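In this note's numbering, the protein residues as written are 2 to 160.
Think of the CB as a built atom: it goes at the ideal place given N, C-alpha and C, for glycine as much as any other residue.
As the structure is a prediction and not an experimental result, all values here were calculated from the model.
Below is one structure; the comments refer to it alone.
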């Protein structure tokens, strides 16, 4: 049974890493589930404190992945309409697959800014760019977290 837990944990962590690149998979929660599976094997015994802290970090990174594109829109000079557009674009992008999730907030922020001020296309593009930068930051956080979880997995098996 322990070998099965180790294999499933490794698969979950690999899927979690892939989920950091593929927006349709919730990468960090899947990778954290891999750590939890590994915890229940004889190969690793993480403390309760460790599991709680990593769960909180996982929840925070997952939430930030949705918040950072909106923050990026605001940081790059977007109005409330641009922020609302980024939110709507993000939600619409969920139904359009990976490309929609990547470009939905960008397009939404751009359209929201154009609705706010149709004459200022430069501002609209800047706000949309901020949304895209926010997406990249969120993806980067997810990738780093999943790679850290992969390190804990390897470390538990080797040491």
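Where residue i falls: helix, strand or coil (DSSP)
i	result
residue 70	helix
residue 42	coil
residue 65	helix
residue 109	helix
residue 115	helix
Residues of its chain near residue i, where Cβ-Cβ distance is below 7 Å and the 5 sequence neighbours each way are ignored
i	result
residue 62	29, 142, 143, 146
residue 21	28, 140, 143, 144, 147
residue 6	38, 39, 41, 42
residue 105	90, 91, 93, 94, 97
C-beta neighbour in chain D for residue i, strict 7 Å
i	result
residue 5	Structure shown: chain D not included; a single protein chain is present.
Residue range of the alpha helix (DSSP H) that includes residue i
i	result
residue 3	3-22
residue 133	122-159
residue 83	81-95
Neighbourhood of residue i by C-beta, 6 Å cutoff - its chain only, sequence neighbours within 5 removed
i	result
residue 85	113
Meets three-Cβ-pair contact criterion under 8 Å: the stretch 47-63 and the stretch 100-116: no
Inter-stretch contact (C-beta, 8 Å, three-pair minimum) for the stretch 113-128 and the stretch 150-159: Using a C-beta cut-off of 8 Å, the stretch 113-128 makes no contact with the stretch 150-159, since fewer than three inter-stretch Cβ pairs fall below that distance.
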